[in-house]
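Asker: Protein chains in written order, with the numbering used here: chain C, 2 to 335; chain B, 91 to 358. We put the beta carbon where it would ideally sit given N, CA and C, even for glycine. All values reported here derive from a predicted model rather than from experimental measurement. Quick one: this structure, given as structure tokens, is what I'll be asking you about.
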Ligand SMILES: Nc1ncnc2c1ncn2[C@@H]1O[C@H](COP(=O)(O)OP(=O)(O)OP(=O)(O)O)[C@@H](O)[C@H]1O
Ligand SMILES: [Mg+2]
């Protein structure tokens, strides 16, 4: 038996879909490893950058494009510059105070583990900071796509008929709008903001999700178990969320794992056009495209960000496959 | 005996689809002016060839299918006159057992969840302990061990699944069970078990049943009265023996003549 079934004395215990899925997922080694690696990447980009001595923004034109492992000796002021790097005014104040208070070591030698970029900025710090942006964009845009797309598609497919026609026509209209013009319009109205990227990428990714889900649901809605649920007089929302959506989670998860890299690439494209992440901020997308330009002369500019990006996508794929299998009750084998 | 369910001139029409551009106004009369009474406590057999509208008729009674014309009365009360809340409660008096036990259970719900849902459909939210007891009682009633409650549908055989489907239909304590070919997807040996279960339930719960089948032998065994359907119309009704032994309508005679399994009745 799988989990706490406690079948002995006819005792019945609750066993939810999620508990079961988790039990099944744990048996898939590769997927578990990949999920841990993903967690590690996220920690690396968030906690890691707090622990890092280097600022991703502080430039040093004397140290242009130094190879990985290069050591730099910092005086107290530079060290503090790296510590209070943010461009916000209050960081500037804190920097001034710390300088007066005599905080920090007199002279330290620190290593640029991944080398520096063409402006002498530490690549490790930039990779972490870029990862934060990329992961945020991917996470938020995918979540938006999932939330809106799955609900919208399920409602359209379940209701069917005219409602379905109208709802899907609306999706077609939105898909026909040129995405770039849409983003340019938004940025001219609101200025270039990071949340605008989340919003606009999420706003196009949900369309495909809605179509996928709707097609799946169209078939499901005529199934006898859905009719049985209707005969019980259950409210439509309950039928959709309890009987329909759990049965389309497999394809949804697979598509979601495909959405993440697509979103990261889209963000890189937007940033390249100056519509996305603004310098000195970076993202994996911008780091990789900068790195690719200088691949022959300074290969390490590409190596770090590209390696992390690839590991993330690789793990997402296997974790997604594992999740899909875990969601499928029929793969439950003892 | 008074009628539990009364159908008056019930019709369900589907628009016929012609070409891509030409919309025809012809309709398919899947159910065409059916008047039928089901008495309290009886089992009414409904027979007819494939496509004659049997499933459409049950779906219309279940309110799963909008009706084109006619009336459905539950104990003399017209369902179309009820308010939304009254209708929701009234339709819990009908429950359906579907033909295909592989499609009629949600693959993602354990038997426990499925049955709990059907029980609380009438009672509203209950204490967990209470639900547990009721689910166990329901499973025992249809001949399943309550220890299997946490399994998923795919872990059961076809016959067991049909028992689960019957248990779910009994959850809201219906008075009329609409069984749409409940045994035609099952092995012959399992068929008789399920039929005996239905007969048992009728005794225990004083259920009324509409039993649809292709198999005239099965209908003869289980039904008190029979209605014969052809092209959306009821062509003959009467007591099972009368209809089977002395059919009045030509179509009934043809059906009987074409039924190879009629001799099997004795073995059930
Ligand atoms: N949703 C629908 N739209 C259009 N036509 C339909 C629909 N449902 C059923 N029909 C048609 O109505 C007629 C009656 O179908 P129904 O399923 O009620 O037959 P049946 O007697 O149950 O057949 P069977 O014994 O094979 O189950 C058929 O011709 C079918 O094609
Ligand atoms: Mg049918």
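Which full runs of the alpha helix (DSSP H) of 4+ residues lie inside the segment 215 to 277 of chain C, going along the chain?
Answerer: 225 to 232, 250 to 273
Asker: For residue 61 of chain C and chain B, any beta-carbon pair shorter than 7 Å?
Answerer: no
Asker: Given that a residue counts as buried once 16 or more other Cβ atoms are within 10 Å of its Cβ, and exposed if not, what is residue 98 of chain C?
Answerer: exposed
Asker: Mind checking whether residue 233 of chain B and residue 265 of chain B have CB atoms under 7 Å apart?
Answerer: no
Asker: Taking DSSP as the reference, what is the three-state secondary structure of residue 152 of chain B?
Answerer: coil
Asker: Mind checking which residues open and close the alpha helix (DSSP H) that includes residue 165 of chain C?
Answerer: 162 to 177
Asker: In chain B, which residues lie less than 8 Å from residue 330 of chain C when you measure between Cβ atoms?
Answerer: 197, 198, 242, 244
Asker: Entirely within the segment 117 to 154 of chain B and at least 3 residues each: give me those beta strand (DSSP E) ranges in chain order.
Answerer: Annotation: the segment 117 to 154 of chain B contains the following complete segments of the beta strand (DSSP E) (minimum length 3 residues), in chain order: 117 to 129, 133 to 137.
Asker: State the Cα-Cα distance for the pair residue 52 of chain C and residue 280 of chain C, rounded to the nearest angstrom.
Answerer: 23 Å
Asker: Residues bridged to residue 319 of chain B by DSSP?
Answerer: B:324
Asker: Who does residue 71 of chain C pair with in a DSSP beta bridge?
Answerer: Bridge partners of residue 71 of chain C: C:113.
Asker: Run through chain B and tell me which residues come within less than 9 Å of residue 235 of chain C, C-beta to C-beta.
Answerer: 207, 211
Asker: My output table needs one value for residue 101 of chain B: the three-state DSSP class, helix, strand or coil.
Answerer: strand
Asker: Does any heavy atom of ligand 2 sit closer than 6 Å to the C-beta of residue 148 of chain B?
Answerer: no
Asker: Counting only beta-carbon atoms, is residue 178 of chain B nearer than 7 Å to chain C?
Answerer: yes
Asker: Can you have a look at residue 1 of chain C and say buried or exposed, based on whether 16 or more other CB atoms are within 10 angstroms of its CB?
Answerer: Residue 1 of chain C cannot be examined here, being either before or after the span of chain C that is shown, 2 to 335.
Asker: Taking C-beta to C-beta, are residue 221 of chain C and residue 245 of chain C nearer than 7 Å?
Answerer: In this structure, residue 245 of chain C lies closer than 7 Å to residue 221 of chain C by Cβ.
Asker: Distance cutoff 7 Å, beta carbons only. Does residue 8 of chain C sit that close to anything in chain B?
Answerer: Its pLDDT being 37, under 50, residue 8 of chain C is placed unreliably by the model, and the measurement read from it follows with that caveat. By this cut-off, residue 8 of chain C is an interface position.
Asker: Residue 164 of chain B and residue 180 of chain B - do their beta-carbons sit closer together than 7 Å?
Answerer: It is a contact, given that the beta carbons lie within the stated cut-off.
Asker: Are the beta-carbon atoms of residue 275 of chain B and residue 189 of chain B separated by less than 7 Å?
Answerer: yes
Asker: Does the beta carbon of residue 241 of chain B fall short of 6 Å from some heavy atom of ligand 2?
Answerer: Not so, every heavy atom of ligand 2 lies at least 6 Å from the Cβ.
Asker: Would you identify the three-state DSSP class for residue 290 of chain B, choosing helix, strand or coil?
Answerer: Secondary structure at residue 290 of chain B: helix, using DSSP grouped into helix, strand and coil.
Asker: Cβ of residue 194 of chain B less than 7 Å from any chain C Cβ?
Answerer: Contact with chain C is found for residue 194 of chain B, since one of that chain's Cβ atoms lies less than 7 Å from the residue's Cβ.
Asker: Can you check whether the CB of residue 55 of chain C is closer than 7 Å to the CB of residue 350 of chain C?
Answerer: Outside the displayed span of chain C (2 to 335) sits residue 350 of chain C, for which this structure offers no information.
Asker: Is residue 310 of chain C near ligand 1, going by C-beta to nearest heavy atom under 6 Å?
Answerer: no
Asker: The segment 214 to 226 of chain C: which residues have C-beta closer than 9 Å to a C-beta of chain B, in chain order?
Answerer: Answer set for the segment 214 to 226 of chain C: 224, 225, 226.
Asker: Any Cβ of chain C within less than 7 Å of the Cβ of residue 382 of chain B?
Answerer: Because residue 382 of chain B is not part of the residues shown, which for chain B are 91 to 358, the question remains open.
Asker: Give me the DSSP bridge partner(s) of residue 77 of chain C.
Answerer: For residue 77 of chain C, which the question treats as bridged, DSSP gives no partner whatsoever.
Asker: Please tell me whether residue 154 of chain B has its Cβ less than 7 Å away from any Cβ of chain C.
Answerer: yes
Asker: Under 7 Å, CB to CB, which of the residues in the segment 237 to 266 of chain C have a partner in chain B?
Answerer: 244, 247, 248
Asker: Give the DSSP-derived three-state secondary structure of residue 296 of chain C in the structure shown.
Answerer: The answer is coil: DSSP assigns residue 296 of chain C none of H, G, I, E or B.
Asker: Would you mind working out which of C:104, C:62, C:136 sits nearest residue 265 of chain C, comparing C-alpha positions?
Answerer: C:136
Asker: Could you list which residues in chain C have their beta carbon closer than 9 Å to that of residue 220 of chain B, in chain order?
Answerer: Chain C residues near residue 220 of chain B: none, gap ~12 Å exceeds 9 Å.
Asker: Strictly by DSSP, which residues pair up with residue 162 of chain B?
Answerer: B:97
Asker: Which partner residues of residue 298 of chain B appear in the DSSP bridge assignment?
Answerer: In the DSSP output, where bridge partners are listed per residue, residue 298 of chain B has B:266.
Asker: What three-state label does DSSP hand residue 185 of chain B in the structure shown?
Answerer: strand
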